[in-house]
Amino acid sequence: MRERPGGTDRAVSVTVGYVMTLAISTLLLSGLFVAGGSFVDTQRERAAQGELTVIGERVAADVGTVDRLVASTTPRSNLTVNRSVALPRRAAGTGYRIDVTATGPGGTITLESDRPGTAVTVPFPTSRNVTVRNATVDGGDLLIYWDPDAGSDGEVVVKAA
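Going left to right, the sequence shown walks through residues 1 to 161 as full-length UniProt numbering numbers them.
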């Protein structure tokens, strides 16, 4: 029997091949985990923005409802308008704040999540002769009401319920 050339090198090549396979597998799995983690973060941020947009549109619609009721009524001195709004305390797993900013006839509702970089702004219209009070409240149930004693002609007020 003849001995194969390099007969003792054969065991080394199996070990080197095994180590190389482990190293390549580790690199591939690490890359997948890093890519998957950023994908999940991106999807979580999109979900939060979508949920905040829906909440903001609901608040804008309810402010508009109170506005239209007030604008269509005269005199307003004894007017009572209360609108309860049931909203979730958390959006996409985190808390959020609602900032109502009136800018003449109309304004904006900005919802900002506790997660950095997640904010949504929704505009809302109002009648020319109805004022909305600026407010900042935490997410959750709201009360939107007409306060005839506020300001010179009264105001629509948004506060936590």
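Each residue gets a CB set at the ideal place from its N, CA and C atoms; glycine is no exception.
CB residue i to CB residue j, shorter than 7 Å?
| i | j | result |
| --- | --- | --- |
| ASP138 | ALA86 | no |
| VAL70 | ILE109 | no |
| VAL120 | LEU27 | no |
| ASP149 | GLU155 | no |
| ARG89 | PRO105 | no |
| ILE144 | ARG83 | yes |
| PHE124 | GLY107 | yes |
| THR94 | ARG115 | yes |
Quick one: measure Cβ to Cβ for residue i and residue j, integer angstroms, because I've assumed they're closer than 8 Å.
| i | j | result |
| --- | --- | --- |
| ALA91 | SER72 | Their Cβ separation, rounded to whole angstroms, is 33 Å, which puts ALA91 and SER72 out of contact at 8 Å. |
| residue 165 | THR131 | Only positions 1 to 161 of the chain appear in the structure, and residue 165 is not among them; the question remains open. |
| VAL81 | VAL63 | Contact doesn't hold; Cβ gap of about 11 Å is too wide. |
Across which residues does DSSP place residue i in a beta bridge pair?
| i | result |
| --- | --- |
| THR121 | THR110 |
| ARG83 | ILE144 |
| ARG97 | GLU112, ASP138 |
| VAL156 | VAL132, TRP146 |
| ALA91 | THR94 |
| ALA47 | Answer is none; ALA47 lacks a bridge partner. |
| ALA35 | DSSP lists no partner for ALA35. |
For residue i, count neighbouring Cβ atoms within 10 angstroms of its own Cβ and tell me buried if that reaches 16, exposed if not.
| i | result |
| --- | --- |
| LEU32 | exposed |
| residue 163 | Coverage of the chain is limited to positions 1 through 161, which leaves residue 163 absent and any answer about it impossible. |
| ALA102 | buried |
| TYR96 | buried |
| THR126 | buried |
| ILE24 | exposed |
Compute the minimum distance between the beta carbon of residue i and the heavy atoms of the ligand HEM, and state whether it is under 6 Å.
| i | result |
| --- | --- |
| GLU45 | Absence of the ligand HEM from the depicted structure is noted, as is the absence of any ligand whatsoever, leaving it without description. |
Tell me which residues share the same chain as residue i and place their Cβ nearer than 7 Å to its Cβ, disregarding the 5 neighbours each side in the sequence.
| i | result |
| --- | --- |
| GLY56 | ILE109, LEU111, VAL120, VAL122 |
| VAL100 | GLY107, ILE109, VAL132, ASN134, ALA135, VAL158 |
| LEU79 | VAL70, THR73, TRP146, PRO148 |
| ALA161 | SER84, ASP141, LEU142, LEU143 |
For residue i, which residues in the same chain have their Cβ closer than 6 Å to its Cβ, ignoring the five residues on either side in sequence?
| i | result |
| --- | --- |
| LEU29 | none |
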